[in-house]
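A short worksheet on the structure shown next.
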Amino acid sequence: MLCNYAIANGYQLYFVNNDRKRLLAHCCKCKCTFKLWASWMSEDDNFQIKSLNLEHNFGTNFKLGSLVPYSWIGSHYTKQILNRQKMSVRKLRLEVIRKFGIHVSLSQCRRAKKYDLQLINGTLVEHYAKLWSYREDVRRSNPGSTVKIDVNNMPYGKKYFSEFYVCFDGVKKGWIEGCKRIIGLDGHFLKGIFKGELLCAIGRDENN
Ligand SMILES: [Zn+2]
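Written as structure tokens, this is what we have:
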């Protein structure tokens with residue numbers, strides 16, 4: 673929050689202490705009157721501001737980008753990196769400068785991109801790992817549905833996701849009982865870190 677506050681107003685904050693238990697922020701290398709002191713309250717499980725002087729009496733500077741950690745940059749661009757993984761670090765830097773008006777370095781942006789890719793990879797890997805419990809849940813809540821997962825067996829006993837097939841019971845019955853026997857096929861290629869194809873077979877009824 674302090675990073676957002678500093679960047680929005682051009683305050684040159686810096687952190688004298690910044691760890692799990694205490695936070696002391698000054699401005700303009702202590703030349704400015706701003707000061708924030710906060711500490712961790714283990715009983716309440718949160719940070720509390722103990723003293724705060726919000727007044728600034730020193731010049732602002734919108735160019736300083738060294739204040740922001742790479743995770744701050746990364747957190748603002750996770751979605752863009754997910755959709756455009758080939759976005760160069762140079763381009764990311766230009767976008768940060770254009771959007772926030774702060775002069776971040778190439779190495780800050782390189783670390784930010786790496787941070788995002790690790791975040792995306794981690795969360796997508798975790799999503800794939802949940803497919804098996806999703807299969808069990810569909811079978812439990814929609815008896816008669818078909819759910820199949822296929823994996824590739826890799827060396828060292830690792831299994832990699834290969835294919836997922838699902839047909840809900842309601843869709844099966846609806847097609848057999850109420851639709852013309854016509855199947856439409858649709859599909860598209862998946863973008864993102866894990867490439868692949870999504871194929872859908874769609875039954876058509878009298879009106880649709
Ligand atoms: Zn200040």
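Mapping the sequence shown onto the working numbering, position 196 (from 1) lands on 868, and the numbers just tick up by one. A virtual CB, placed ideally from N, CA and C, is assigned to each residue, including glycine.
Remark: the C-beta of Phe706 is in contact range of ligand 1, defined as less than 7 Å to any heavy atom. In this chain, the beta strand (DSSP E) harbouring Lys707 covers 707-713. No Cβ-Cβ contact shorter than 8 Å links Leu739 with Cys781. In the DSSP annotation of this structure, Lys820 is not part of any alpha helix (DSSP H); the continuous beta strand (DSSP E) holding it starts and ends at 818-825. Checking the 7 Å criterion, the Cβ of Cys699 is within range of a heavy atom belonging to ligand 1.
Val776 is not a Cβ neighbour of Ile753, given a cutoff of 8 Å. If one requires a minimum length of 3 residues, the beta strand (DSSP E) runs lying completely within the stretch 748-833 are 818-825, in chain order. The beta carbons of Val761 and Lys785 sit closer together than 8 Å. CA-CA distance, Gly842 to Ser817, rounds to 8 Å. In the three-state reduction of the DSSP assignment, Asn733 falls in the coil class, being assigned neither a helical nor a strand state. In the structure shown, Gly868 adopts extended strand secondary structure according to DSSP, grouped into three states.
Look at Tyr683: its beta carbon is less than 7 Å from one of the heavy atoms in ligand 1. A direct Cα-Cα distance of roughly 43 Å separates Thr705 from Asn793. For ligand 1, a non-hydrogen atom lies closer than 7 Å to the CB of Phe730. Secondary structure of Cys702 (DSSP, three-state): helix.
For a cut-off of 8 Å, the C-beta gap from Leu764 to Tyr749 is around 6 Å, short enough to register as a contact.
In the structure shown, the three-state DSSP call for Ser743 is helix.
Shown here, Tyr686 sits in a strand according to DSSP, grouped into three states. Contact between the stretch 718-732 and the stretch 691-710 is present: 3 or more CB-CB pairs across the two stretches fall below 8 Å. Counting of Cβ neighbours within 10 angstroms places Asp809 among the exposed residues, the total staying below 16. Nearest neighbour of Asn725 by Cα position, chosen from Lys751, Leu696, Gly868, turns out to be Leu696. Nearest Cα to Glu727 within the set Asp691, Ala678, Arg770: Ala678.
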